[in-house]
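Engineer: Input: one structure, supplied below.
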Amino acid sequence: MPLADVRIRAVDPAAQDDVKIIAERMLSTLVEVLGEEAGGSLYTLEGTTQRVMWHLESEEVVAQVFVAETAQGEIAGHTIVRVDDDGEGREIGLFATTYVVPECRGAGVASSLLDAGEAWMLEQGQSLAATYTDRLNKKLQNLYLGRGYRMSAMPNDFVKMAKELT
Ligand SMILES: CC(C)(COP(=O)(O)OP(=O)(O)OC[C@H]1O[C@@H](n2cnc3c(N)ncnc32)[C@H](O)[C@@H]1OP(=O)(O)O)[C@@H](O)C(=O)NCCC(=O)NCCS
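At the far end of the sequence shown sits residue 169, using the working numbering, and the numbering has no gaps.
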């Protein structure tokens, strides 16, 4: 799938079909990253749907949900970004989750989503971008390392990827 065929757009909170697809894929992400046993029963579809809606609608959070849409109108991937803190008192732009369907991988879809996410973070006045993932998730780590993010160890088998945005 050529990258030119994908366009990145923000999700409309009223678009319940989009919200459902993203929620389902958040569950798929957990299974893929943590395995069926650890990731398959962490959250329910209802819980992840509420989580997507919280990012879209809650006044408690400054956030955005982006999807990559193919020329056929299908969602190839998504990312959720929000303003968070780094645990040490500094505001950051956080990639809360990113997922691309297996058949669309390796074509730069995630890179396009991260471009949109980083641009959004800068618009929010954030100069530090970060994400957290499992220490074994090499695909995601390589993606961020290739974009100049630095990796550091976290508790509980997680790693943090972080970059100063310019
Ligand atoms: C991690 C993930 C989001 C990457 O998605 P993707 O769309 O395949 O990512 P990209 O195509 O942008 O980049 C992947 C690789 O393809 C390469 N690539 C990018 N554009 C390319 C192109 N046009 N042609 C060939 N290769 C390309 C990238 O350089 C990158 O190489 P790397 O693996 O050496 O870093 C995807 O594998 C995924 O959804 N994984 C499961 C969910 C997950 O782990 N989410 C994070 C949980 S914390």
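By construction, the Cβ of each residue, glycine as well, lies at the ideal position given by its N, Cα and C atoms.
All values reported here derive from a predicted model rather than from experimental measurement.
Which of the three DSSP states, helix, strand or coil, is assigned to glycine 50?
Structural biologist: The answer is helix: DSSP assigns glycine 50 an H, G or I state.
Engineer: Pull up the distance between the alpha-carbon of glutamate 39 and that of tyrosine 147, whole angstroms please.
Structural biologist: Cα to Cα, the separation comes out at about 25 angstroms.
Engineer: What separation, rounded to the nearest whole angstrom, lies between the Cα atoms of glutamate 126 and threonine 136?
Structural biologist: So the two alpha carbons sit approximately 25 angstroms from each other.
Engineer: Just list the alpha helix (DSSP H) runs in the segment 79–137, keeping only unbroken ones of 4 residues or longer that don't cross its boundaries, in chain order.
Structural biologist: The segment 79–137 contains these whole alpha helix (DSSP H) runs: 112–126.
Engineer: Would you call the CB atoms of leucine 37 and threonine 51 closer than 8 angstroms?
Structural biologist: No; because the gap between Cβ atoms is not below 8 angstroms, this pair is not in contact.
Engineer: DSSP state of glutamine 19, grouped into three classes?
Structural biologist: Glutamine 19 falls in the helix class under three-state DSSP.
Engineer: Any heavy atom of ligand 1 within a distance shorter than 7 angstroms of the CB on glutamate 80?
Structural biologist: According to the sequence displayed, residue 80 carries glycine and not glutamate. Yes, the beta carbon of glycine 80 sits closer than 7 angstroms to at least one heavy atom of ligand 1.
Engineer: Between the segment 109–126 and the segment 153–162, can you find at least three pairs of beta-carbon atoms closer than 8 angstroms?
Structural biologist: In short, these stretches do not touch, since the Cβ pair count stays below three.
Engineer: Quick check: the Cα distance between glutamate 94 and glutamine 129, rounded to an integer number of angstroms?
Structural biologist: Each residue's Cα considered, the two are about 7 angstroms apart.
Engineer: Give me the Cα-Cα distance between valine 34 and tyrosine 46, rounded to the nearest whole angstrom.
Structural biologist: Rounded to whole angstroms, valine 34 to tyrosine 46 spans 11 angstroms at the Cα level.
Engineer: So does arginine 85 have its beta carbon nearer than 7 angstroms to some heavy atom of ligand 1?
Structural biologist: Arginine 85: no, Cβ never under 7 angstroms from ligand 1.
Engineer: Our contact map puts valine 68 next to isoleucine 25 with C-beta atoms below 8 angstroms; I'd like the distance itself, whole angstroms only.
Structural biologist: Between isoleucine 25 and valine 68 the Cβ distance is about 7 angstroms, and since that is below 8 angstroms, they are a contact.
Engineer: Determine the extent of the beta strand (DSSP E) in which glutamine 67 is found, giving its start and end residues.
Structural biologist: Run containing glutamine 67: 66–73, per the beta strand (DSSP E) assignment.
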